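If you use our numbering, the sequence shown corresponds to residues 23 to 178, in order.
Heads up: the structure comes next, in structure tokens.
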Amino acid sequence: LEDLSEKELRALITIIKEEYSFSVNEKTDYEGNPNENIQVDLNDHVDIALWNKLNDQDIKNMPEIKDYTDEATATHWLEWYFRINQRFSQISISAQWDYLTNITTENAKKMSDQSLLQSPFGRQTLPIAKEFNKYMKNSKNKDLKLILGRLATGTM
């Protein structure tokens with residue numbers, strides 16, 4: 023994301039919102055995922071403990087992937103991924119802000135601890151994004167290919 027201009031970043035965000043703000047036509051079973059209905063207000067104070075708990079529960083409920091060539095499966099997986107990633111991003115930004123506005127050992131530790139907590143998610147999802155990217159290269163959905171390509175190279 024660091025290599026993108028502001029205009030490109032805004033265009034990518036618009037594409038993601040347009041592409042992934044609808045429901046997949048097929049019935050999706052979240053196996054009673056209690057976090058699906060919990061609305062996190064991103065403009066509200068970041069409750070790090072709550073958001074990490076929600077992410078931990080969501081990570082355990084990763085959608086089952088039977089076919090890496092299926093666009094609906096890829097879209098469903100991306101919805102799951104972005105829900106978790108958005109929370110992690112907000113937590114990181116909050117921790118960085120706390121540190122930069124009050125440089126203390128405690129705030130540095132919070133930032134470091136959060137980074138250590140988030141890194142397994144990246145290690146878990148990067149190979150999956152690469153696998154989707156490999157099979158979605160022939161997809162007609164250019165936005166899906168772009169998003170998976172960026173995820174697979176670690177630039178998103």
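Glycine is no exception: its CB is placed at the ideal position from the N, C-alpha and C atoms.
Predicted model, so just to flag it, every value in this text is computed and none were measured.
Considering only residues of the same chain and omitting the five flanking positions on each side of residue i, which have a CB-CB separation below 6 Å?
i, result
"F154", "Y90, A96, L170"
"W102", "P85"
"W73", "R109, I113"
Which residue comes first and which comes last in the alpha helix (DSSP H) that contains residue i?
i, result
"T123", "93-123"
"I70", "70-82"
"G171", "164-174"
In its own chain, which residues sit with a C-beta less than 8 Å from the C-beta of residue i, not counting the 5 before and 5 after it?
i, result
"K29", "none"
"S137", "S114"
Please name the residue in the options whose C-alpha comes closest to that of residue i.
i, options, result
"I37", "A174, N163, E93, T177", "N163"
"L148", "I125, A174, M133", "A174"
"D69", "N160, A94, I115", "I115"
"K152", "E128, N129, K131, T177", "T177"
In the structure shown, what three-state DSSP assignment does residue i receive?
i, result
"K159", "coil"
"S45", "The predicted position of S45 is uncertain, since its pLDDT is 46 and thus under 50; a value taken from the coordinates is nonetheless stated next. Reduced to three states, the DSSP call for S45 is coil."
"S134", "helix"
"E86", "coil"
"S141", "helix"
"L126", "According to the sequence displayed, residue 126 carries Thr and not Leu. T126 falls in the coil class under three-state DSSP."
"T177", "coil"
Please work out which residues of its chain come closer than 7 Å, Cβ to Cβ, to residue i, disregarding the five sequence neighbours upstream and downstream, and give them in chain order.
i, result
"L139", "N74"
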